[in-house]
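Put into structure tokens, the structure is as follows:
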């Protein structure tokens, strides 16, 4: 058995950053920027008014001063001329500030009569002008890698980057194994259950930026498993679920080995999820997850998500943890890292009483995995502990 | 001017929960469950082995005890018969526990020779059996409304709910207004800039579960705006950006009114984003956002996201806040709620020096909006403050 950290570093060595592709800006949110992009223009491209009002010369601004309005600068169509002493230009938010103007009076601070305005309230010191390039200038970078947020998408638009270089989504093939499984919507026999792991994992991995596809269930025989691996062709990552334990029907390891899988490890010192295997299988990385539903999903969070992140070019590492305070005492932990299902609210972490790795109802109610390090001593109510948000 | 809370309660009165639709399980993650669903089966459907090993009678379990292996119970195909004194059945994880068996010996605790096993290690007290229905029983509910997580999707699969009743996605039409705008990829004139707000908002709203569509830019004339409103036909929510201020070219209010918009409010006591308007326009709700990029996105977070949540049947209310500690002093706030761009790391909130509402570079670096309530006094370094995560 190896540690969780050793398993992760094996896993990272099995994959590499995927190539980039250009996608339309409307599809960029949530994707990972592949290389630095640079603004193709200045923003604003000209000194722009920050308010609706009148552009004048700052040295003429005083209460009761009068100006003659000689034209208008609107957003999209500026005033083409000089503004001289005693003159003003009607100007709107975002419009170019004309030559000669270095102050924008708020319209609320002026009275207008015909083509004459008078300053009727103290206009203050703020010139209400946004200098050219105040937001960004040509060549200003957005650094990669970076998972693009809605605000990033707005910024890319403003920079006129209509096509965005992002990492291709990892193609992940999900194979559940076992004679006991039928697909949702099917009618199970008396000894059968419904395949659930592939559905939960697909949701998890798709949210993380992968493209996961659910393959037909592989039965507990070599031909069926071999067929499933064949259908996985083209995947960057092949994930099997179940059949990786020590039972006589656990054929994933042997069949994968026959198909050329070079095993990197088998068994990790953790709970739930000890029987985890991984290796390289042709062009794909392969991870064998345990078949217990909670083990499969926990290993999805702990191992598969970081692997997906690595393929997307994001920093390779453990899932980030947060801190909360225990609402109960917990006993000392043993020689395996333990990830206990819990609910965090208002900084307080409450463990579920039932921690069996078959209980999807509990996992569905949980929003956190309490991390118990190897050999961690007993912890008391109120202790600050680390957890992974789900 | 009305308060942020008043604006929100007006907004909630403009929309109603959308109808439900049935979708395939593979598309359910992130969608909002429309009504309670119930398990159609027990899980496990039978008492199931939690380990690979041998099923025996608990009262015979003792070190050195011997059993005759009379058959096998595999996952998907149980053992059809009784297990009597002195007998054992080879059993695998997830397989049905045969009649007569109430203890599963771990295979690591036994030696097998031919069809005889001997207990060679202390098997402990754990029977390694999961009772029927331990995870869920027929009729057990998943309560609605609920935004479905990957674990929920796995649970729905296990319950054999292959089609999931969810709220229809709100159809949101996004109209940016202004002669100064061109679409990303176009070549702007010297007085023009690139439309960015619709792209940022689409990303934000799509992530929240809406289906946002970007309409053609409306120019600063009545015909163009009227055409844009016409293209919004069928939307649940029409959002305009810009043109809602007091400038001569701000036509959104007048044109919408001509088209029958019943205005619920105009102007909210907040920064950034004061010139916010909303109303009812035929079958759709209409929100007019300010045109400054940061104002538009902040109002998207503060107002549009809660409205989308309400349409999805989720509880209607303000965005949830978290707490962090200030890394600098901040001055007292005035009569408008102020949402200041900030970066939170390790529980520390650092404000950006530049808070101008035109700065998308700052918004893109920000991951939090510091919430300054109306009339909030000065705050000192180290004070605990509320923020909205971005």
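Protein chains in written order, with full-length UniProt numbering: chain A, 1 to 390; chain B, 1 to 390. Quick reminder that beta carbons are idealized off the backbone N, C-alpha and C, glycines included.
Whose CA, out of A:389, A:16, A:288 and A:42, lies closest to the CA of residue 140 of chain A?
Taking the first residue of the first chain as 1, we reach residue 140 of chain A at position 140. The candidate whose alpha carbon is nearest that of residue 140 of chain A is A:42.
Give the list of continuous beta strand (DSSP E) stretches no shorter than 3 residues that lie fully inside the segment 62-145 of chain A.
Those beta strand (DSSP E) runs which fall completely within the segment 62-145 of chain A and span 3+ residues are 66-73, 87-91, 103-106, 110-113 and 116-119.
Spatial neighbours of residue 30 of chain B within its chain, please: CB distance less than 8 Å, with the 5 preceding and 5 following residues excluded, ordered by chain position.
Residue mapping note: residue 30 of chain B aligns to position 30 of the second chain, counting from 1. By the criterion of a C-beta distance shorter than 8 Å, residue 30 of chain B is surrounded in its chain by 147, 148 and 209, once the five residues flanking it on both sides are discounted.
Rounded distance between the beta-carbons of residue 187 of chain A and residue 136 of chain B, thought under 8 Å
In the second chain, the residue the question calls residue 136 of chain B occupies position 136. In the first chain, the residue the question calls residue 187 of chain A occupies position 187. Between residue 136 of chain B and residue 187 of chain A a beta carbon distance of about 18 Å is seen, past the 8 Å cut, so the two are scored as non-contacting.
Are any of the Cβ atoms in chain A nearer than 8 Å to that of residue 295 of chain B?
Here residue 295 of chain B refers to the residue found at position 295 when the second chain is read from its first residue. Output row for residue 295 of chain B: interface = no.
Using three-state DSSP, classify residue 298 of chain B as helix, strand or coil.
What you label residue 298 of chain B is simply residue 298 of the second chain in a count that begins at 1. Three-state DSSP puts residue 298 of chain B in a helix.
Cβ-Cβ distance between residue 179 of chain A and residue 241 of chain A below 8 Å
Here residue 179 of chain A refers to the residue found at position 179 of the first chain. Here residue 241 of chain A refers to the residue found at position 241 of the first chain. With contacts defined as CB atoms closer than 8 Å, residue 179 of chain A and residue 241 of chain A fail to qualify as a contacting pair.
For the segment 137-150 of chain B, enumerate the residues whose C-beta is nearer than 9 Å to any C-beta of chain A, in chain order.
Sequence-ordered contacts of the segment 137-150 of chain B with chain A read 140, 142, 148, 149 and 150 [C-beta pairs closer than 9 Å].
Let's test the definition: count the other Cβ atoms within 10 Å of the Cβ of residue 16 of chain B and tell me whether it reaches 16, buried, or not, exposed.
In the second chain, residue 16 of chain B corresponds to position 16, counting from 1. Residue 16 of chain B counts as exposed, since fewer than 16 other C-beta atoms from the protein chains shown sit within 10 angstroms of its C-beta.
Would residue 251 of chain A and residue 243 of chain A be called neighbours here (beta carbons separated by less than 8 Å)?
By one-based count along the first chain, residue 251 of chain A stands at place 251. By one-based count along the first chain, residue 243 of chain A stands at place 243. Taking 8 Å as the cut-off, the Cβ atoms of residue 251 of chain A and residue 243 of chain A count as close.
Return the bridge partner residues of residue 173 of chain A from the DSSP annotation.
Residue numbering aside, residue 173 of chain A sits at position 173 when the first chain is read from its first letter. Beta-bridge annotation (DSSP): residue 173 of chain A is paired with A:213 and A:238.
Less than 8 Å separating the beta-carbons of residue 316 of chain A and residue 309 of chain A?
Sequence index remark: in the first chain, residue 316 of chain A carries index 316 (1-based). Sequence index remark: in the first chain, residue 309 of chain A carries index 309 (1-based). Taking 8 Å as the cut-off, the Cβ atoms of residue 316 of chain A and residue 309 of chain A count as close.
Quick one: is residue 114 of chain B near chain A, going by C-beta distance under 8 Å?
In the second chain, residue 114 of chain B corresponds to position 114, counting from 1. Using a Cβ-Cβ cut-off of 8 Å, residue 114 of chain B does not count as an interface residue toward chain A, since no Cβ of chain A sits closer than that to its own.
Name the chain B residues whose beta carbon is nearer than 7 Å to that of residue 375 of chain A?
Within the first chain, residue 375 of chain A is the residue found at index 375, counting from 1. Against chain B, a Cβ distance below 7 Å from residue 375 of chain A picks out nothing, because the smallest value is about 21 Å.
Scan the segment 356-382 of chain A for residues whose Cβ lies nearer than 9 Å to a Cβ of chain B and list them as they occur along the chain.
356, 357, 358, 359, 360, 361, 362, 363, 364, 365, 366 and 367: these are the residues of the segment 356-382 of chain A whose beta carbon lies less than 9 Å from some beta carbon of chain B, given in chain order.
Near residue 372 of chain A, which residues of its chain fall below 7 Å by C-beta distance, leaving aside the five closest residues on each side in sequence?
To locate residue 372 of chain A, count along the first chain from 1; it is residue 372. Short of 7 Å from the beta carbon of residue 372 of chain A, and not among the five residues preceding or following it, lie these beta carbons of its own chain, in chain order: 333, 337, 338 and 340.
To be precise: take each residue of the segment 67-98 of chain A, compare its Cβ to all Cβ atoms of chain B, and keep it if any distance is under 7 Å. Which residues remain?
Within the segment 67-98 of chain A, the qualifying residues are 74, 75, 76, 77, 78, 92, 93, 94 and 96.
Residues in its own chain within less than 8 Å of residue 183 of chain A by CB, not counting five upstream and five downstream?
In the first chain, counting from the first residue as 1, residue 183 of chain A sits at position 183. 194, 195 and 217, listed in sequence order.
Could you give the distance in angstroms between the alpha-carbon of residue 406 of chain B and the alpha-carbon of residue 181 of chain B?
Residue 406 of chain B lies beyond the residue range present for chain B, which begins at 1 and ends at 390; the question has no answer from this structure.
Interfacial residues, the segment 16-29 of chain A to chain B, with Cβ spacing under 7 Å
From the segment 16-29 of chain A, only 25, 26 and 29 have a Cβ closer than 7 Å to chain B.
Between residue 335 of chain B and residue 274 of chain A, what straight-line distance do the alpha-carbon atoms span, to the nearest angstrom?
Locating residue 335 of chain B in the second chain gives position 335, where the first residue counts as 1. Locating residue 274 of chain A in the first chain gives position 274, where the first residue counts as 1. Approximately 58 Å between the Cα atoms of the pair.
Alpha carbon of residue 368 of chain B to alpha carbon of residue 345 of chain B, nearest angstrom:
As a working mapping, residue 368 of chain B is identified with position 368 in the second chain. As a working mapping, residue 345 of chain B is identified with position 345 in the second chain. The alpha-carbon atoms of residue 368 of chain B and residue 345 of chain B are separated by roughly 10 Å.
Between which residues of its own chain and residue 359 of chain B is the CB-CB distance below 7 Å, once the five residues before and five after are set aside?
Counting from 1 along the second chain, the entry for residue 359 of chain B is found at position 359. Same-chain partners within the cutoff: 294.
Give me the residue from B:253, B:267, B:282 and B:268 with the minimum Cα distance to residue 232 of chain B.
Here residue 232 of chain B refers to the residue found at position 232 when the second chain is read from its first residue. Considering only alpha carbons, the answer is B:282.
Measure how close the beta-carbons of residue 185 of chain B and residue 162 of chain A come, nearest whole angstrom, since I'm counting them as under 8 Å.
Against the second chain, residue 185 of chain B aligns to sequence position 185. Against the first chain, residue 162 of chain A aligns to sequence position 162. For residue 185 of chain B against residue 162 of chain A, the beta-carbon gap comes to about 3 Å, under 8 Å, which counts as contact.
Proximal chain B residues relative to residue 195 of chain A, where beta-carbon distance stays under 8 Å:
In the first chain, counting from the first residue as 1, residue 195 of chain A sits at position 195. Correct list: 157.
Got a sec: is the Cβ-Cβ distance from residue 348 of chain B to anything in chain A below 8 Å?
Position 348 of the second chain holds residue 348 of chain B. No, residue 348 of chain B does not count as interfacial toward chain A.
Which residue from B:204, B:207 and B:255 puts its Cα closest to that of residue 229 of chain B?
Here the question's residue 229 of chain B lines up with position 229 in the second chain. Taking only the C-alpha atoms, the option nearest residue 229 of chain B is B:255.
Whole-angstrom Cβ separation of residue 4 of chain B and residue 330 of chain B, contact assumed at under 8 Å?
Here residue 4 of chain B refers to the residue found at position 4 of the second chain. Here residue 330 of chain B refers to the residue found at position 330 of the second chain. Between residue 4 of chain B and residue 330 of chain B the beta-carbon gap is near 19 Å, outside 8 Å, which marks them as no contact.
6 Å Cβ shell around residue 77 of chain A - same chain, five flanking residues per side excluded
Locating residue 77 of chain A in the first chain gives position 77, counting from the first residue. Sequence-distant Cβ neighbours of residue 77 of chain A in its own chain, meaning closer than 6 Å and more than five residues away, do not exist here.
Could you tell me which chain A residues have their CB closer than 7 Å to the CB of residue 153 of chain B, listed as they occur along the chain?
Taking the second chain and counting its residues from 1, the one referred to as residue 153 of chain B is at position 153. Correct list: 199, 200 and 203.
Contacts of residue 180 of chain A in chain B (Cβ-Cβ under 7 Å):
Position 180 of the first chain, counted from the start, is the residue given in the question as residue 180 of chain A. Chain B residues near residue 180 of chain A: 75, 76 and 94.
Just the C-alpha distance for residue 24 of chain B and residue 142 of chain B, rounded to the nearest angstrom, thanks.
As a first step, residue 24 of chain B is located in the second chain; it is residue number 24 there, counting from the start. As a first step, residue 142 of chain B is located in the second chain; it is residue number 142 there, counting from the start. Going by the C-alpha atoms only, they are around 17 Å apart.
What whole-angstrom Cβ distance do residue 370 of chain A and residue 297 of chain A have, given they're in contact under 8 Å?
As a first step, residue 370 of chain A must be located in the first chain, where it is residue number 370. As a first step, residue 297 of chain A must be located in the first chain, where it is residue number 297. Not quite, the Cβ-Cβ distance comes to about 15 Å (not below 8 Å), so this is no contact.
Would you mind giving the Cβ-Cβ distance between residue 172 of chain A and residue 237 of chain A, rounded to the nearest angstrom? I have them listed as a contact below 8 Å.
For the purposes of this step, residue 172 of chain A is taken as residue 172 along the first chain, with counting starting at 1. For the purposes of this step, residue 237 of chain A is taken as residue 237 along the first chain, with counting starting at 1. Their Cβ separation, rounded to whole angstroms, is 5 Å, which keeps residue 172 of chain A and residue 237 of chain A in contact under 8 Å.
Taking all protein chains shown into account, decide if residue 113 of chain B is buried (16 or more other Cβ within 10 angstroms of its Cβ) or exposed.
As a working note, residue 113 of chain B is residue 113 in the second chain. Under this definition residue 113 of chain B is an exposed residue.
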